[in-house]
Structure formats: structure tokens, C-alpha cells
Amino acid sequence: MIQDKGNRLISAIEKQTEKIIYFCSAENISPNLAVHEIRKSYKRLRALFLLFSECNETQTDQFRREIKAAGKILSPIRESFVNVQHFDKITAGSNLISERKIKQVKDSLLEKNRVLVEDEFTSKNVVSDIVQFVKNIQVQLITLKLNCPSVFQIKTQLSSTFVEGYEVYQSIEPELSPVMMHELRKILKRLWYQLDFVKFMHPRYFRLKSDQLNKITEQLGVDHDLYVFFEDLKSGDFNFNNEELLILDNQVQHQRELNMVKLLPRLKQFFNEPPEIFDRKLDKIFKLS
């Protein structure tokens with residue numbers, strides 16, 4: 010059974026590496042979508058490699074550091090694309106900022122995204138570097154097959170991730186700091202990917218948790234995107250005056266508040282189960298008690 014779970018883990022990792030290679034060469038989708046999918050696979054890979062931390066820490070930690078660095082290169086592309094979408098949303102039907110100014114800023118945002126896509130993704134050297142990087146990981150998976158984590162080690166990592174998320178949640182609820190909310194999102198995204206991998210062991214319980222985390226991390230992502238978006242707007246690149254920035258800030262905060270209306274109850278529901286209960290359920294599911 011342990012070997013079966015190890016093979017499943019390696020297969021899950023291989024699937025993500027193949028997905029990255031596919032999106033590096035796919036001709037029927039936009040570069041922005043390809044970047045989005047590659048970044049998601051990078052994040053899933055980092056979460057899956059963390060399951061090896063108890064038995065193969067040195068090698069998998071190196072993988073995770075390299076994947077994180079690779080993902081950071083693509084982050085500005087994704088952010089610039091999402092910024093265009095948020096700008097469209099908050100300025101739709103607005104008569105508080107001139108149409109001319111809105112068009113000028115929209116064109117600047119689109120141009121920023123175009124340049125980033127060209128420089129950091131579609132150029133042949135960048136794409137070939139990504140493919141080579143992922144193929145190197147594929148080759149090294151052979152050694153990981155010989156030392157896959159045990160059921161207990163996987164369960165320990167799941168518990169650790171849950172506790173980490175629970176502690177951050179407990180510390181941010183009153184303040185709702187965008188920075189801390191983003192930290193929570195990163196942890197819960199990792200937990201979501203890890204639970205998605207083990208859900209075959211208890212589909213009913215893990216699918217419920219995975220579905221909850223999917224919705225939660227999506228909304229936490231919106232919160233972070235709004236924060237990044239406004240930081241970009243007030244950077245000075247778009248020549249907004251103080252009055253215009255105040256208008257935009259109010260719009261962004263309104264969108265953030267609307268997002269929180271559903272997000273906060275979902276977080277409360279998810280963490281209604283404290284770490285010790287979650288841990289005991291894992292023991293039972295993994296047949297460790």
C-alpha cells in the first residue's frame with residue numbers, strides 16, 4: 010500500500026511536469042493563459058514535493074527552491090494581466106474619471122502586459138529554459154521513486170500544513186491585513202493541492218475539504234490581486250492625481266469588502282475544525298490509530 014501511494018505521488022508530479030511542457034508549446038491558447046497554467050503547476054509541484062520532506066529533504070527542498078524562483082519570473086506577467094481585468098471592472102460605467110484618462114491608463118496596462126509576455130515568456134530562450142528546467146526534474150524523479158514517503162510521513166505533513174494555516178488565520182481575522190491574507194492563501198493553496206492528492210483515500214471527507222479550499226483560495230486570490238492592483242496604480246506610472254487615486258481606492262476597498270462577505274464565513278467554517286480534530290481524523294483515515 011505504501012508503494013502504491015508512492016507511485017501515485019510520483020505520477021502526480023510527472024503529470025504536472027508534462028502539463029508545463031505542454032503549455033510552453035501550445036499554439037491554440039493565449040500566452041497569458043499559458044503563464045497562468047504553468048504557475049499553477051509550479052505551485053502544485055512545490056506542494057507535492059513537500060510531502061517528501063520527512064524522507065528526502067535535501068533533494069526536494071532544492072526542487073522547491075528552484076521552482077519558486079522559476080515561478081517568480083512569471084509572476085509579473087500574471088499580475089499585469091489581472092490588473093487589466095480589475096481596471097475594467099472598477100471603471101465600468103464610471104463618470105468620476107474622464108474617459109480619456111481611463112483609455113490612456115488601459116492602454117498603458119495592456120502595453121505593460123504585452124512587453125512582459127514578450128520579454129519573460131514568448132521569447133524562445135525563456136520557453137526553452139522552462140522546458141529544460143522541467144525535463145531535468147523529470148530525470149531526477151527516478152531517485153525519488155526509491156525513497157517515497159510513508160503514510161505516516163504524508164499524514165504528518167498534512168497536519169503540519171493545517172496547523173500553519175490555522176495559526177495564521179487566528180492571527181489575521183480581526184485585522185484583515187492584505188499581506189497576512191496573502192500569506193494565508195499560500196498556505197491554504199498548498200494544503201488544497203496536498204489534500205487533492207490524497208482524496209482517493211477518503212473521497213467524501215477530502216473532496217469536501219478540497220472544495221472548501223478551492224473556493225477560499227480563489228477569494229483570497231481576489232483579495233491579493235486587488236491589493237497588487239492598487240499598489241500598481243499608485244506607483245506614479247499612470248499620473249493619477251490625489252482625487253483620482255482616492256476614487257480608485259474607494260472602488261478597490263468596496264470590491265474587497267464584497268469579496269469578504271463570502272470569504273470570512275467560509276474561512277470560519279473551514280477552521281471550525283481545530284488542528285487536534287483534523288489530526289485525529291487523518292489518523293483514522295490513514296489507519297494510524
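Take the sequence shown: its position 227, counting from 1, is numbered 236 in the working numbering, and each next residue is one higher. All residues carry an ideal CB built from backbone N, CA and C; glycine is no exception.
Practice prompt. Using a threshold of 8 Å, state whether the C-beta atoms of P158 and L54 are closer than that.
Written response: no
**Prompt:** In whole angstroms, what separates the C-alpha of D292 from that of P283?
**Reply:** 15 Å
Excluding five sequence neighbours on each side, which residues of the same chain lie with their C-beta closer than 7 Å to the C-beta of F280? Y175, Y178
Confirm the yes/no value for this check: CB of H211, any heavy atom of the ligand PLP, distance under 7 Å. In terms of ligand content, the structure shown is empty, and the ligand PLP therefore cannot be addressed.
Is it right to say N92 is buried, meaning 16 or more other beta carbons lie within 10 angstroms of its own, or is it exposed?
-> buried
TODO: For L204, name the three-state secondary structure that DSSP assigns.
DONE: helix
For this session: Mind the definition here: the region 63-73 touches the region 206-214 only if three or more C-beta pairs lie below 8 Å; say whether that holds.
Result: no
Original post:
Residue range of the alpha helix (DSSP H) that E241 falls in?
Top reply: As written in the sequence, residue 241 is Asp, which differs from the Glu given in the question. Residues 212-242.
Could you pull the start and end residues of the alpha helix (DSSP H) that D292 belongs to? 284-294
Inset, instruction - Under 6 Å Cβ to Cβ from D234, same chain only, skipping five residues before and after it: list those, please. - result: V91
Check: Which value, in whole angstroms, describes the spacing of the CA atoms of E252 and T100?
Finding: 15 Å
Can you say whether L267 is buried or exposed, counting buried as having 16 or more other CB atoms within 10 angstroms of its CB?
-> exposed
- With DSSP as the reference, label G245 as helix, strand or coil. coil
Q.
Going by C-alpha to C-alpha distance, which of E227, L297, R17, L273 sits closest to K154?
A. R17
Contact under 8 Å by Cβ, P40 with T131: yes
Which whole-angstrom value describes the C-beta separation of T152 and K198, a residue pair presumed to lie in contact below a C-beta threshold of 8 Å?
-> T152 to K198, Cβ: 27 Å. No contact.
Where does I11 land, buried or exposed, given buried means 16+ other C-beta within 10 angstroms?
Note that I11 scores a pLDDT of 47, beneath 50, so its modelled location is shaky; the value from the coordinates is reported in the next line. Label assigned to I11: exposed.
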